[in-house]
Amino acid sequence: MAVSHQPIWTLSPEDVYQSFEISDKGLSDEQAFDRLVKFGTNELPEPAHRPLWLRFTDQLRHFMALLLWVAGILAFISGTPQLGWAIWAVIGINAVFSFWQEFQAEQALAALKNVLPMQVKVYRNGELKQIPAKELVRGDVMQLEEGDRISADARLVTAESLYLDISVMTGESLPVARNAHPVRVREAASIRGGKTIPAGEHPLQEKVNLAEIPNLVLAGSTVSSGRGVAVVYATGAQTEFGHVAHLTAVVKREPSTLEVQVAEIVRIITAIALGMGVLVFLLTYLLVGMELKESFIFGIGIIVALVPEGLLPTVTLSLAIGVRRMVRRNALVRRLSAVETLSATTVICTDKTGTLTKNEMTVHYLWLPWESSENSPNPASQESAVLPPLNGKQKSHPSMTATLIEVTGAGYDPTAGEVQIPANFAASWKVNLLLTGAALCSNARLIHLTAPSRWQEIGDPTEAALLVAAAKAGLNLETLQKQLPRLREVPFDSRRRMMTVVLDWRSSALWNSELPNLAFTKGAPLEVLRHCTSILRNGTLSELTQSDSNEIVAANDDLAQQGFRVLGVAARRGGSEMLDLRSQDLEQNLIFIGLVAMFDPPRPEVRDALAQCHQAGIKVTMVTGDYGLTAEAIARKIGLVTDSVRVVTGEGMGHLSDAQLQQILKYRSGLVFARMSPEHKLRLVEAYKTIGDVVAVTGDGVNDAPALRAAHIGIAMGMNGTDVAREAADIVLTDDNFATIVVAIEEGRAVHQNIRKFMTYILASNLPELVPFLFMVALKIPPALVIMQILAIDLGTDIVPALALGAERAEAGTMQQPPRKKSQPLLDRSLLLRAYGFLGLLEAALAMAAFFVVWWSYGYDLAELQAATPSILSRSADAATIAIYTQAITMTLASVVACQTGNVFACRSERGSILRLGFFSNPQIWLGILIEWILVVLVINNELLSRIFSTAPLAPWQWLLLLVCPPIVLGAEELRKVVFPGKLTPKQSHKGN
Numbered sequence: 000m001a002v003s004h005q006p007i008w009t010l011s012p013e014d015v016y017q018s019f020e021i022s023d024k025g026l027s028d029e030q031a032f033d034r035l036v037k038f039g040t041n042e043l044p045e046p047a048h049r050p051l052w053l054r055f056t057d058q059l060r061h062f063m064a065l066l067l068w069v070a071g072i073l074a075f076i077s078g079t080p081q082l083g084w085a086i087w088a089v090i091g092i093n094a095v096f097s098f099w100q101e102f103q104a105e106q107a108l109a110a111l112k113n114v115l116p117m118q119v120k121v122y123r124n125g126e127l128k129q130i131p132a133k134e135l136v137r138g139d140v141m142q143l144e145e146g147d148r149i150s151a152d153a154r155l156v157t158a159e160s161l162y163l164d165i166s167v168m169t170g171e172s173l174p175v176a177r178n179a180h181p182v183r184v185r186e187a188a189s190i191r192g193g194k195t196i197p198a199g200e201h202p203l204q205e206k207v208n209l210a211e212i213p214n215l216v217l218a219g220s221t222v223s224s225g226r227g228v229a230v231v232y233a234t235g236a237q238t239e240f241g242h243v244a245h246l247t248a249v250v251k252r253e254p255s256t257l258e259v260q261v262a263e264i265v266r267i268i269t270a271i272a273l274g275m276g277v278l279v280f281l282l283t284y285l286l287v288g289m290e291l292k293e294s295f296i297f298g299i300g301i302i303v304a305l306v307p308e309g310l311l312p313t314v315t316l317s318l319a320i321g322v323r324r325m326v327r328r329n330a331l332v333r334r335l336s337a338v339e340t341l342s343a344t345t346v347i348c349t350d351k352t353g354t355l356t357k358n359e360m361t362v363h364y365l366w367l368p369w370e371s372s373e374n375s376p377n378p379a380s381q382e383s384a385v386l387p388p389l390n391g392k393q394k395s396h397p398s399m400t401a402t403l404i405e406v407t408g409a410g411y412d413p414t415a416g417e418v419q420i421p422a423n424f425a426a427s428w429k430v431n432l433l434l435t436g437a438a439l440c441s442n443a444r445l446i447h448l449t450a451p452s453r454w455q456e457i458g459d460p461t462e463a464a465l466l467v468a469a470a471k472a473g474l475n476l477e478t479l480q481k482q483l484p485r486l487r488e489v490p491f492d493s494r495r496r497m498m499t500v501v502l503d504w505r506s507s508a509l510w511n512s513e514l515p516n517l518a519f520t521k522g523a524p525l526e527v528l529r530h531c532t533s534i535l536r537n538g539t540l541s542e543l544t545q546s547d548s549n550e551i552v553a554a555n556d557d558l559a560q561q562g563f564r565v566l567g568v569a570a571r572r573g574g575s576e577m578l579d580l581r582s583q584d585l586e587q588n589l590i591f592i593g594l595v596a597m598f599d600p601p602r603p604e605v606r607d608a609l610a611q612c613h614q615a616g617i618k619v620t621m622v623t624g625d626y627g628l629t630a631e632a633i634a635r636k637i638g639l640v641t642d643s644v645r646v647v648t649g650e651g652m653g654h655l656s657d658a659q660l661q662q663i664l665k666y667r668s669g670l671v672f673a674r675m676s677p678e679h680k681l682r683l684v685e686a687y688k689t690i691g692d693v694v695a696v697t698g699d700g701v702n703d704a705p706a707l708r709a710a711h712i713g714i715a716m717g718m719n720g721t722d723v724a725r726e727a728a729d730i731v732l733t734d735d736n737f738a739t740i741v742v743a744i745e746e747g748r749a750v751h752q753n754i755r756k757f758m759t760y761i762l763a764s765n766l767p768e769l770v771p772f773l774f775m776v777a778l779k780i781p782p783a784l785v786i787m788q789i790l791a792i793d794l795g796t797d798i799v800p801a802l803a804l805g806a807e808r809a810e811a812g813t814m815q816q817p818p819r820k821k822s823q824p825l826l827d828r829s830l831l832l833r834a835y836g837f838l839g840l841l842e843a844a845l846a847m848a849a850f851f852v853v854w855w856s857y858g859y860d861l862a863e864l865q866a867a868t869p870s871i872l873s874r875s876a877d878a879a880t881i882a883i884y885t886q887a888i889t890m891t892l893a894s895v896v897a898c899q900t901g902n903v904f905a906c907r908s909e910r911g912s913i914l915r916l917g918f919f920s921n922p923q924i925w926l927g928i929l930i931e932w933i934l935v936v937l938v939i940n941n942e943l944l945s946r947i948f949s950t951a952p953l954a955p956w957q958w959l960l961l962l963v964c965p966p967i968v969l970g971a972e973e974l975r976k977v978v979f980p981g982k983l984t985p986k987q988s989h990k991g992n
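Numbered according to numbering that gives the first Met the number 0, the sequence shown spans residues 0 to 992.
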């Protein structure tokens, strides 16, 4: 393949074909295969992921795992290999659970990667074929049509009225024109060489922005209208889309609040476990007089008893349960730990279009200036409105009466509505002129689909809305386009904020003119007005006065304040000279015709969702690229703001220092951010983080990715978002709906509640596992539990009920509480007191009582038990004594499980009574209880398991005695909630929002 030393955009179409050694018939299959092997598939580069085996080993190397590795090694050293293997099995179970859930989440995300199309049309062997997008190679000749999404960077060789939506690359929502003409490159003059810079030329000082070169089409963009043929010159990672995706990876992601909290819990529990283990080892060796080996074993027992081995897998599985619930409610979670972070969210920075609104533009009003006189009809008096009411007040202006004409219907169906022109309105032709100009100065298309029957827009939604309005007025667009052919176009650009077309007007009877051509200009009303010198009234031209301009500006602002997106339409008469004028000269001396007001309706569920956010103490900030007054009006309509509003524009933010911006965010309410660029959005996120907020941010384009990564919770759009945005986000909304964010926050709060619930449940059983060793040291009796039985509780009987607690629905009133503080630990003082100081202490007392009851039933008092202890510990006691001891520790094991049966109901709420929640509102609780008792029965009665766990069958009266444990624990907790309702529960955050 030949290589050109000139940039591809500077070549003629013939030279483009020659540089790739192809013709307009495309590549042969052999050439395509060779290039696919050489350059690779056309796929976006995956972010750098650690290999699966390394990511699995991460689960084996965290601090709690390292502690258990050491405990297992000590068990082997002490001559108890079965204990060592059991402890190491704990590490394996943790690792498998955690790794598998994270892996499943990533696999679910992979199914959403659909931004780049699956199929593209290319010429191969002279025939037009459809191939998978990933098989595109350099030199492929692509055919582009309306609605196509471009899969690789390519150079146009032919183009017919081609317009692209490049918003995923630049954020610009309006289509841009593209053509196949070569672009002349400016060459920088070398001052050192003494050469003179040619007149009118300037040295190149910055890198060429490929998105601005009119003969290039870039991957990720969409064909809004027209047709074209392009030659692919870059695929996959070499595209501009791939470059942006690569740059996004440099933003460092902060650990989630859950990751921080779990790390803190591990540190606390590890410190407690190690301290108690060392203490027991020293006490048993120095005071009780055990051998060094036996003291090691009991020290390990303390460590194993206090380390909640089931905590990490239960946290992971609880998150996974929350994730599955969120998927059913249209929120896909990429990072499990992000779910819990939602519970601390204090600010949501959300887009407007498509998230708060439906992204369905519809024209609602046409505004026409009308000269008030006694001899001409005054439709304004008939309509009784110059402008629609604003906040219940009527706007009026004395100098010029304006007619406001309503357009009914919604969406893109031109048959579902009409332009309601008053019967006595003498200038109905002017309405048609306004709509004709707006529609013909557009490049969108409407298509009627038959299965199912519906209308679909192709191109810019704003221009599609203009076509619909014209059709509602009875204008036949195809006839107009043939009767009034387009002679020239000056495409829209973000600097001018206008678009102009020149039409052959000779066949029109709509507005008689002696001149053959008529130019229509549409765009931002204030920009259009700035280029006008005349105004059309009653079919006659008048000079545009300052009073007229003031009225038009007031009309635009009044409409914008009500949430309408407003376009101005103007015209200019002329002859053939209009085809040769410079664009800036063509758009001068315009005749103002009128305004078109359109509306993107808010989603109906948004108002309630915002009300929930306000009740939950969450600030919602609108961040949009739209006009400030329009953004403010939408914010009012949906209930985002109610009192005074401060609109901060991107330009205005640029004049604020970081400290000033932070002060505004901290102390001002009713903020709306308009005309915001991606850089402004990223700065806003960083400012919120600096003042201590936990920030959730929505985004859909490539340029949103840095802000999504910088936020605590990045939320990408699943329907209209890009792969890069999804990859940068923590959560993907499959319905692009703001209400789903609120649902996700409620689920996040429920997950946080549930983690505290099962942590209390799991930690409560640690104390009855620890107390037997403390009693052993203090009373010089044999331990009431052995280490394998502790593992049976932590990794067997406790797991399923804990998972049932992790599946609890959000409690009533969850979204009426303020967000928890980010600094508030999961394992706080209230949880420790409740788990260890109350529930655990009660369970420990009942467990030790059960242990002593068995000995007393055989006639042993405390002194006799103490006398038998040395022989029991040295395993030299007679068989009868060993049998009693085995039954006693079995009774202790069973009593702990029985206490946990009551505890699982007690832990369903930190404040609410089980009588209010209901015993059967969570069926998984009963399934967990059933499974835990099946395990207990097997451990006690199965011969193999009884040898492993040192158990013996229980007598019938002993089984009956266990029945008193659950009601005692549950009843005591219910009594505490009544007598001390504010004790042992976390204090609510009251941070102002």
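We treat Cβ as the ideally placed atom computed from N, Cα and C, and that holds for glycine.
Asked, Found
"Enclosing beta strand (DSSP E) for Y122 [first to last residue]", "118 to 123"
"Distance between L161 and R54 (C-alpha atoms, nearest Å)", "47 Å"
"Burial state of F737 (16 or more Cβ within 10 Å)", "buried"
"Exposed unless 16 or more other CB atoms sit within 10 angstroms - verdict on H363", "buried"
"Residue environment, P955, which counts as buried when at least 16 other CB atoms sit within 10 Å", "exposed"
"Environment of P388 [buried if 16+ CB atoms lie within 10 Å]", "Confidence at P388 is low in this model, with a pLDDT of 42, below 50, so the placement of that residue should be treated as unreliable; the coordinate-derived value is given next. Exposed, by the Cβ-count rule."
"Spatial distance of A715 from V694 (CA atoms)", "14 Å"
"Among K618, T813, P601, the one whose alpha carbon lies nearest that of D735", "P601"
"Per-residue burial, G970 [other beta carbons within 10 Å of its own, 16 or more giving buried]", "exposed"
"Contacts around A632, its chain only, beta-carbon distance under 7 Å, and the 5 residues preceding and following it disregarded", "A559, Q560, Q561, G562"
"Contact under 9 Å by Cβ, R154 with V216", "yes"
"Minimum C-alpha distance to E159 - residue among D152, F38, I930, E144", "E144"
"Cβ contact check for the region 346 to 362 and the region 605 to 622: 3 or more pairs under 8 Å", "yes"
"Three-state class that DSSP yields for C348 in the structure shown", "strand"
"Straight-line gap, D164 to L51 (C-alpha atoms, nearest Å)", "38 Å"
"Through-space distance from G235 to I212, alpha-carbon basis", "20 Å"
"Which of helix, strand or coil DSSP assigns to D33", "helix"
"CB of E746 within 9 Å of CB of R60, strictly", "no"
"Top-ranked residue by Cα proximity to S582, from R487, S506, L509", "R487"
"Reduced DSSP category for D699 - H, G, I as helix; E, B as strand; rest coil", "coil"
"Residue from P966, L872, E456 with nearest C-alpha to T900", "P966"
"Any 3 or more C-beta pairs closer than 8 Å across the region 522 to 539 and the region 608 to 619", "no"
"Helix, strand or coil at V15 [DSSP, three-state]", "helix"
"Collapsed DSSP secondary structure at Y859 in the structure displayed", "coil"
"Under 9 Å between C-beta atoms of V36 and V140", "no"
"Expected contact under 8 Å - CB spacing of L528 and G567 to nearest Å", "6 Å"
"Option in L660, P603, Y232 with minimal Cα separation from A686", "L660"
"Those runs of the beta strand (DSSP E) which lie wholly inside the region 576 to 627 and span at least 3 residues", "589 to 598, 618 to 622"
"CA-to-CA distance, E359 to E13, given in whole angstroms", "42 Å"
"Proximity below 9 Å, CB of I296 to CB of I786", "yes"
"Bridge partners - F672, DSSP secondary structure assignment", "V622, V647"
"K1008 classed as buried or exposed, judged by whether at least 16 other C-beta atoms fall within 10 angstroms", "This structure cannot settle anything about residue 1008, because the visible part of the chain is limited to 0 through 992."
"Span of the alpha helix (DSSP H) around G970", "964 to 978"
"8 Å contact criterion, which L804 and N753 should meet: CB distance rounded", "6 Å"
"Integer-rounded CB distance, given that S223 should sit under 8 Å from P174", "4 Å"
"Check: D579 C-beta below 8 Å from any heavy atom of the ligand HEM", "For the structure depicted, the ligand HEM is absent and the ligand set is empty, with no information on it obtainable."
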